[in-house]
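Residue numbers (our numbering): 277 to 680.
The beta-carbon is built from N, C-alpha and C at its ideal position, and this holds for glycine as well.
Worksheet: one structure, shown below.
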């Protein structure tokens with residue numbers, strides 16, 4: 277075989293080998309792709325089966341949860357249960373003039389029964405807001421289908437009516453409907469309800485804050501009991517007020533009444549104490565006013581004993597019903613006749629003699645022919661013949677003589 281034939285044979289052999297390898301690779305790739313497609317299909321089927329299974333589990337859980345929240349399937353029993361529960365909510369919130377009517381129930385096949393109820397009554401916006409929050413938060417399958425509110429003129433109350441529906445399920449468990457109060461509600465939920473609904477108060481004029489009237493400073497002695505009365509007024513005539521106080525500085529023995537605003541406290545130590553008084557109204561939203569009151573507790577001042585006022589001896593002005601009726605003389609000695617009409621007697625006194633007319637005590641001084649001097653108390657009087665003692669004229673004040 278020539279060199280040329282050998283080269284040509286090698287080229288032909290290489291081409292045939294390449295064709296065989298290319299065909300084999302194509303067949304292998306096609307087999308791999310088919311396998312991958314089969315694996316992908318199986319994985320997709322597995323995911324779908326898992327999704328269906330998870331959906332079934334969730335549906336089963338939801339059905340079990342619905343069974344726990346729904347009412348028993350017996351229509352009359354379920355209607356009685358819900359009516360009793362809803363009446364209890366209306367009563368506990370203090371509504372007035374409430375009515376609750378159980379309307380015609382309707383069955384949806386054999387799966388569930390719907391029980392509609394219609395309620396009416398009167399209450400303020402806070403009561404209505406909490407009622408709606410209780411209905412929403414109760415562990416019962418129910419919904420409010422309609423709700424209306426009408427303000428009442430010159431009152432804080434509202435006329436309200438609403439229709440609610442509750443569900444009975446065939447597989448529902450027999451249970452007692454639990455009461456729902458503000459303490460059992462989620463804290464943020466009830467606060468959110470009240471801040472958004474009561475804060476706007478679409479059914480009345482804007483609330484105006486109350487105004488406190490309290491002294492800025494109270495002065496008291498140590499161990500002296502305080503009885504302090506806070507007063508407040510509100511420009512909104514329908515609002516009522518309650519009081520609060522921060523008594524942290526005063527200690528545990530301080531007492532404060534929220535309704536009257538009265539503080540009672542007995543301080544045991546001197547010093548300066550401050551407490552804060554608050555007055556809150558019941559408007560929507562509720563507003564308040566506050567004031568700081570300073571209590572200054574001091575020791576009692578030392579008692580300074582003042583001298584007793586001098587006892588003034590009665591003068592002749594007090595000698596009623598007595599007069600000088602005569603002046604007589606014998607052996608150079610004169611006598612003064614003093615007639616006391618109230619006693620029906622006459623005194624005959626000489627110079628230097630002391631006599632008494634009622635509460636007045638007098639001493640006879642100089643006796644002249646037509647008059648006489650009488651000393652009574654701290655004064656010297658001149659009494660003329662025939663003159664009443666009470667009309668005597670003062671001729672000298674002995675207190676002034678002593679001062680001089």
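For the alpha helix (DSSP H) containing residue i, list its first residue and its last residue.
i: residue 412; result: 401-413
i: residue 534; result: Here residue 534 belongs to no alpha helix (DSSP H), and DSSP marks it neither H nor E.
i: residue 612; result: Note, residue 612: premise wrong, no alpha helix (DSSP H); beta strand (DSSP E) at 609-616.
i: residue 360; result: 351-368
Could you say which of the options lies nearest to residue i if we only look at CA atoms?
i: residue 481; options: 512, 495 and 488; result: 512
i: residue 516; options: 540, 523, 505 and 562; result: 562
i: residue 506; options: 519, 412 and 582; result: 519
i: residue 598; options: 579, 666 and 604; result: 666
i: residue 384; options: 445, 560, 655 and 570; result: 445
i: residue 479; options: 550, 494 and 427; result: 427
i: residue 349; options: 323, 450 and 676; result: 450
i: residue 566; options: 490, 529 and 371; result: 490
i: residue 560; options: 470, 546 and 579; result: 470
i: residue 362; options: 327, 407, 326 and 353; result: 407
i: residue 466; options: 492, 411 and 454; result: 411
Which stretch, first to last residue, makes up the beta strand (DSSP E) that contains residue i?
i: residue 505; result: 502-505
i: residue 622; result: 621-625
i: residue 418; result: 418-427
i: residue 546; result: Premise fails: residue 546 is in no beta strand (DSSP E) and is neither H nor E.
i: residue 631; result: 630-633
i: residue 383; result: 382-384
i: residue 448; result: Here residue 448 belongs to no beta strand (DSSP E), and DSSP marks it neither H nor E.
i: residue 379; result: No beta strand (DSSP E) holds residue 379; DSSP gives it neither H nor E.
i: residue 658; result: 655-660
i: residue 487; result: 487-489
i: residue 497; result: 493-497
Suppose you measure from the CA of residue i to the CA of residue j; what does that come to, to the nearest Å?
i: residue 474; j: residue 405; result: 8 Å
i: residue 425; j: residue 346; result: 28 Å
i: residue 627; j: residue 640; result: 5 Å
i: residue 287; j: residue 318; result: 47 Å
i: residue 379; j: residue 392; result: 5 Å
i: residue 420; j: residue 440; result: 4 Å
i: residue 625; j: residue 582; result: 41 Å
i: residue 631; j: residue 663; result: 17 Å
i: residue 648; j: residue 576; result: 57 Å
i: residue 381; j: residue 387; result: 14 Å
i: residue 650; j: residue 595; result: 12 Å
i: residue 611; j: residue 673; result: 25 Å
i: residue 413; j: residue 502; result: 48 Å
i: residue 556; j: residue 508; result: 10 Å
i: residue 527; j: residue 538; result: 16 Å
i: residue 679; j: residue 619; result: Model confidence at residue 679 stands at a pLDDT of 44, short of 50, so the residue's coordinates are unreliable; what they give is reported in the following sentence. Whole-angstrom Cα-Cα distance: 38 Å.
i: residue 572; j: residue 564; result: 26 Å
i: residue 310; j: residue 302; result: 12 Å
i: residue 544; j: residue 525; result: 13 Å
i: residue 443; j: residue 409; result: 19 Å
i: residue 616; j: residue 633; result: 7 Å
i: residue 533; j: residue 542; result: 16 Å
i: residue 452; j: residue 360; result: 11 Å
i: residue 296; j: residue 307; result: 17 Å
i: residue 320; j: residue 305; result: 22 Å
i: residue 642; j: residue 635; result: 22 Å
i: residue 495; j: residue 540; result: 14 Å
i: residue 488; j: residue 510; result: 9 Å
i: residue 623; j: residue 600; result: 10 Å
i: residue 523; j: residue 549; result: 10 Å
i: residue 373; j: residue 397; result: 5 Å
i: residue 390; j: residue 484; result: 45 Å
i: residue 504; j: residue 371; result: 36 Å
i: residue 369; j: residue 323; result: 52 Å
i: residue 654; j: residue 607; result: 31 Å
i: residue 472; j: residue 344; result: 32 Å
i: residue 429; j: residue 547; result: 52 Å
i: residue 290; j: residue 313; result: 34 Å
Going by DSSP, what residues sit across from residue i in a beta bridge?
i: residue 392; result: 441
i: residue 522; result: 552
i: residue 538; result: 505
i: residue 469; result: BP columns for residue 469 are empty, so no partner.
i: residue 436; result: 397 and 425
i: residue 574; result: 497
i: residue 673; result: 655
Just checking: is the beta-carbon of residue i within a distance shorter than 8 Å of some beta-carbon in chain D?
i: residue 613; result: No chain D appears in this structure, which consists of one protein chain only.
Taking 7 Å as the line, does the beta carbon of residue i fall inside it for any heavy atom of the ligand PLP?
i: residue 472; result: Questions concerning the ligand PLP fall outside what the structure shown contains, since it holds no ligand whatsoever.
Kindly give me the distance between the Cβ atoms of residue i and residue j, rounded to whole angstroms, as I take these residues to be in contact under 8 Å.
i: residue 434; j: residue 399; result: 7 Å
i: residue 554; j: residue 569; result: In fact, because the Cβ distance is near 11 Å, the residues do not count as touching under 8 Å.
i: residue 422; j: residue 438; result: 6 Å
i: residue 668; j: residue 661; result: Not confirmed; about 12 Å, so no contact.
i: residue 574; j: residue 498; result: 7 Å
i: residue 603; j: residue 652; result: Not a contact, Cβ separation roughly 18 Å.
i: residue 376; j: residue 351; result: Contact doesn't hold; Cβ gap of about 17 Å is too wide.
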